[in-house]
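Enquirer: Residues are numbered in this note's numbering as their position in the sequence shown, beginning at 1, plus a constant of 15. Before I ask anything, here is the structure I am working with.
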Amino acid sequence: MMRNAYAQTAVAPYSVRARRGAPVATPLEWDELGSRNMSPDRFTIRDIPKRLARQRDPWANMNRRARSLTEPMRRLKKIHAGTS
């Protein structure tokens, strides 16, 4: 899947972005999404170490919630086959 068009970029977590101030692509907690001071440039290479020292990585336990997509894909294929 190509994600290189305008506003369609995929960035690995904690990657430094090629922008002024060297912002870092930072995983967020759900409750941070509504913060008024949250922006794509909020965390930089200067302050991301402090953030990680203060709080745990929001994605640290992501693998514990991982689910297989085998069954949903089977169902989707079945639905799609019925509509063609």
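All C-beta atoms, glycine included, are put in the ideal place defined by N, C-alpha and C.
Is it the case that the Cβ atoms of P38 and F58 are separated by a distance below 8 Å?
Expert: In this structure, F58 lies closer than 8 Å to P38 by Cβ.
Enquirer: Which of the three DSSP states is assigned to T100 in this structure?
Expert: In the structure displayed, the chain extends from 16 to 99; residue 100 sits before or after that span and is not available.
Enquirer: Helix, strand or coil for P64 per DSSP?
Expert: It is helical.
Enquirer: Specify the secondary structure class of P87 as computed by DSSP and reduced to three states.
Expert: Helix at P87.
Enquirer: Strictly by DSSP, which residues pair up with V31?
Expert: Beta-bridge pairing links V31 to V39.
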